[in-house]
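Residue numbers (this note's numbering), protein chains in the order written: chain A, 3 to 197; chain B, 5 to 472.
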C-alpha cells in the first residue's frame, strides 16, 4: 500500500446518512475480474441527475469526499473503494463508516477519516459553500484544517500506522509464518475433509 | 474471568498482537469463496508469487453472477463477462487446489447455503468469505465475518486476518413468537428498533427463549441480516438444535471426533456472569409480519400499519431521510401498506432460500393462483435445496400457482446476473437489502418473509398470510 502522511485538496460533499455500497457502485458494474475501470460507474444512478454533486464542473478536481454518517454500509464489495479511487478521491471524511467498507479502505489505500459530528457538520457547510475550499489532512499531526480551522481527526490507530508506514499487509503477516505454523500444529482441528 | 461466547471464540484464535496492541492476528478456520469477489485476490497472489496456504480449508461455489434461468451446465451466464468471472474461478481453484462446486454439480448453490448444508460451518469456528452475508454462519455459534477482496487475498496467503477486537452486544428476545411470524420479521423488527448502524463495531449474540425455539434454518435467516444492523457479525450459541442439524453431514466430525468436538463446543457458551459492551432486550409477544417501506432495512413496519409521514418526525435529519425514501419508493404518507400493489415477488437468497423457506411459501401458494401481472420467481438456495424441494413436489405447487421455478443462485437479491427488474417495478422480496436500485435500476424493493411474499403474490398487494 502507498504511504500517506498528509493530503491537500478540494472536496465534494454528500452529507446524507447511510449511503450504501450499492449506490457507490451498483453490482452490475462489479462484473469484472479487474481492479480498475470503475470511474464511469461511480454513483452511476445518482449521476443521471444533472444537479448531483459529482456532475459539478467546478468540483471535477476534488480529491476529498465529505460524506454522511454510516458511509459505505452494506455489501462488502471492495469495488466501492476502487471506484472512489478511480474517480480521484484519496480521502473520505465522515462521522462514521460501515465496518467492512472502513477496513477495505485501509487495505486498498483510500484514507478514511472520522470527524466529530459538530466539526463534520461545519465542514459539510463550508464545502457546500465553496467549491475551491482547500482541506489539509495531516496524519502525523492528527489534524484536519480548512478555512483557518483545525480539528482533530479520528482514525483507528492500526489503520493510521498502515497509512503512515505504507505497509504491505501480507508481507507483514508472512513474517509470522512460524507463529501460524505452531498454531496449526497445536490446535490442529479435526480435519475438514468430506466423509 | 467470566467471558461471553464472542470473546471465547476470539481468544481461541488469536495468534499474536500487532506491536501497538491495536489489532490481533486471528487464525481463520475456514474460507468460503465465490466468483464475484475473488478474481482480483487470486491475481494479486500470482503477481506477488504467493500461494494458497491452506487450500484444504477453502471451498468455492458459483452463485453471484450465474443465470438461474439458463442453467447452462459447465458455463456461466449468457453475459460474456459473467462467463469470464466463472471461468476465472474455475481456473484459480484448479491452479491452487481449492475444491469448487460448479454450476450443475450436486453441491452448487449460494455460498452461505452450501457451507452449512455440507456441515462445514461448525460451532466455535472463525469463518470468512468475500461477502457481507457471511454473518449467516453465526447461526451455528461460529464467528463469521464478511470481508473485502484484499482481505480475501490475505486469507488465501496466510489463513489469517488482522482484526481489531469487536465490541460485544447481547440482543435478548423475550416472550413467545406469535404464530405466523418468522425469523425475518424478528430481524426486521430489531433493525427498525436499533437502526442500520445500530450495531456498528459490534458482534451480536442473539439470546432468549424465542431464539432457542427457532430451527437452524430460521437462525440462519436471523444471523444473515446482522450486517443490516451494521454488526460485524452475529451468532447464536450452539444447542441441541445445532447438534441435531450438524450430525451426519458430509464435513461434520463423526465417531470419537464428534464426541470430542461436541465437548469442545459446549465450553463455548457465555458464562452466567459474563458481560457485554451493550445489551438490548426486545419482547416479541406482539410481533406481526414486517415489511420495509423505505430504502434501507431499518425502514420497516408491521404489514398492518401505514406509510410514515415525515411531517410527524421531529428530527430534521430523519425527516429528510423519510422524505427521500418515500420519493424513491413512490409512496404517499399515510397509505396503508396493504394498499401498496406489487408487480413482482422474489422468493430466494441466502436469507430465505432454504427448504423451510420454500415450504412456508408453498404452504400459502398451494391451491391458490397468482394474478398474471405479478411476476413471481422462486429460486432455491442450492442444488440440494432444489432436489429436496422437487422431491416434496414444491416445484409443482409453485408452477401451478403461476410462479417460475428456477435453478440455484443469488438471482434477484444482487441482480448482477441476468435476473433484474425493469425501472419502476415494485417487488416484494425475501432478500436482505432494499437499497435503491438493488434489484435493478429504479426498482422498488419491499423486504418480507417467505410467508408474506407468498401472500403478497396471491393478493397482488402487500399482505400477510392472515389477509388471505
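Note that CB positions come from ideal geometry on N, CA and C, so glycine has one too.
Taking residue 359 of chain B as reference, the option from B:106, B:221, B:196 with the minimal CA-CA separation is B:221.
Interface with chain B (8 Å Cβ-Cβ cutoff): residue 72 of chain A is included. Take residue 449 of chain B, set aside five residues on each side of it, and the residues of its chain with a beta-carbon closer than 7 Å to its own are 431, 433, 438, 442, 443, in chain order. Cβ contact annotation for residue 419 of chain B (same chain, cutoff 7 Å, sequence separation greater than five): 442, 443, 444, in chain order. In this structure, the alpha-carbon of residue 311 of chain B lies about 10 Å from that of residue 296 of chain B.
Contact between the stretch 161-169 of chain A and the stretch 30-41 of chain B is not established, with fewer than three Cβ pairs separated by less than 8 Å.
For secondary structure counted as the beta strand (DSSP E) over 3 or more consecutive residues, the stretch 14-62 of chain B holds these complete runs in sequence order: 18-21, 28-31, 34-38.
When DSSP assignments are scanned along the stretch 90-168 of chain B, the uninterrupted stretches of beta strand (DSSP E) that are 3 or more residues long and fall wholly within it turn out to be 103-105, 130-133, 147-150, 164-167.
Under the 8 Å criterion on CB atoms, residue 158 of chain B is classed as interfacial with respect to chain A. Between residue 35 of chain A and chain B, the shortest Cβ-Cβ separation is below 8 Å.
Counting only runs of at least 3 residues, the stretch 32-71 of chain A fully encloses the following beta strand (DSSP E) elements, listed from N- to C-terminal order: 66-69. By the Cβ neighbour-count rule, residue 30 of chain A is buried, with 16 or more other Cβ atoms within 10 Å of its own.
Assigned with DSSP and collapsed to three states, residue 151 of chain A falls in strand. Contact between the stretch 231-239 of chain B and the stretch 199-206 of chain B is present: 3 or more CB-CB pairs across the two stretches fall below 8 Å. Of all alpha-carbon atoms in B:101, B:388, B:407, B:160, the one lying nearest the alpha-carbon of residue 253 of chain B is that of B:388. Contacts with chain B at 8 Å (Cβ-Cβ) include residue 77 of chain A.
A straight line joining the alpha-carbon of residue 24 of chain A with that of residue 36 of chain A spans about 18 Å. Here residue 116 of chain A carries a strand assignment [DSSP, helix/strand/coil].
As the crow flies, the alpha-carbon of residue 290 of chain B is around 13 Å from that of residue 308 of chain B. According to the DSSP assignment, residue 450 of chain B belongs to the beta strand (DSSP E) that extends over 448-451. Taking a cut-off of 8 Å for Cβ pairs, the stretch 61-75 of chain A and the stretch 118-136 of chain A touch, as three or more such pairs fall below it. For residue 25 of chain A, the chain B residues whose Cβ falls inside 9 Å of its Cβ are 439, 440, 441, in order along the chain. Its chain contains 393, 409 as the residues whose beta carbon lies nearer than 7 Å to that of residue 399 of chain B, once the 5 sequence neighbours on both sides are disregarded; these appear in chain order. Of the residues B:287, B:425, B:163, B:414, the one whose Cα lies closest to the Cα of residue 435 of chain B is B:414. Less than 8 Å separates the beta-carbon of residue 72 of chain A from that of residue 200 of chain B. Neighbours of residue 181 of chain A across chain B, judged by C-beta separation under 7 Å: 19, 20. Interface with chain B (8 Å Cβ-Cβ cutoff): residue 29 of chain A is included.
Look at the beta carbons and you see the stretch 174-188 of chain B not touching the stretch 264-272 of chain B: under three pairs across the two are nearer than 8 Å. Leaving aside the five residues that flank residue 41 of chain A on each side, the residues in its chain whose CB is nearer than 6 Å to its CB run, in chain order, 88, 89. At least one CB of chain A lies nearer than 8 Å to the CB of residue 29 of chain B. The three-state secondary structure of residue 158 of chain A, taken from DSSP, is coil. The alpha-carbon separation between residue 86 of chain A and residue 216 of chain B amounts to approximately 43 Å. Straight-line spacing of the CA atoms in residue 460 of chain B and residue 292 of chain B works out to 15 Å.
Taking every protein chain shown into account, the CB of residue 141 of chain A has 16 or more other CB atoms within 10 angstroms, so this residue is buried. According to DSSP, residue 362 of chain B shares a beta bridge with no other residue.
For residue 433 of chain B, the enclosing beta strand (DSSP E) covers residues 430-433.
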